[in-house]
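Asks: So for the sequence shown, the numbering used here puts the first residue at 145; every next one is plus one.
We treat Cβ as the ideally placed atom computed from N, Cα and C, and that holds for glycine.
From a predicted model like this one, the values you see are computed outputs, not experimental measurements.
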Amino acid sequence: MKVSEIRKLDDGSLNKQLSDLQAELFNLRFQKATGQLENPSAIGNVKKDIARFKTIITERKLGINKEA
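1) Tell me which residue opens and which closes the alpha helix (DSSP H) that G188 is part of.
2) Among N209, L172, R204, V190, which one has its Cα closest to the Cα of D155?
3) So K191 and L158 are supposed to be a Cβ contact under 8 Å. How far apart are they, rounded?
4) Rounded C-beta distance between R173 and I187? I'm assuming under 8 Å.
5) Indicate the three-state DSSP secondary structure (helix, strand or coil) for G156 in the structure shown.
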């Protein structure tokens with residue numbers, strides 16, 4: 145998901161999607177441990193999305209307004 149799309153979401157949606165991404169990361173790690181993971185790069189992509197969401201949430205808490 146692009147940063148510009150994330151910025152358009154409200155706080156409730158941000159937190160909901162963040163928790164969904166964290167659950168997805170857990171499932172991907174579980175699949176990796178059991179040898180069922182088909183796309184290893186999916187873990188990195190989900191981790192990057194989580195970082196994007198956390199960055200936007202922190203910016204809003206600190207009152208930083210970045211338009212990219």
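Replies: In short:
1) Translated into positions along the sequence shown, residue 188 becomes position 44. Where G188 is concerned, the enclosing alpha helix (DSSP H) stretches over 185 to 206.
2) For this step, residue 155 is matched to residue 11 along the sequence shown. For the set N209, L172, R204, V190, the Cα lying nearest the Cα of D155 is the one of R204.
3) By one-based count along the sequence shown, residue 191 stands at place 47. By one-based count along the sequence shown, residue 158 stands at place 14. Actually they do not touch by this definition, with Cβ atoms about 17 Å apart.
4) For this step, residue 173 is matched to residue 29 along the sequence shown. For this step, residue 187 is matched to residue 43 along the sequence shown. Contact flag correct, Cβ pair sits at about 7 Å.
5) On the sequence shown, residue 156 is found 12 positions in, with the first residue counted as 1. Collapsing the DSSP output to three states places G156 in a helix.
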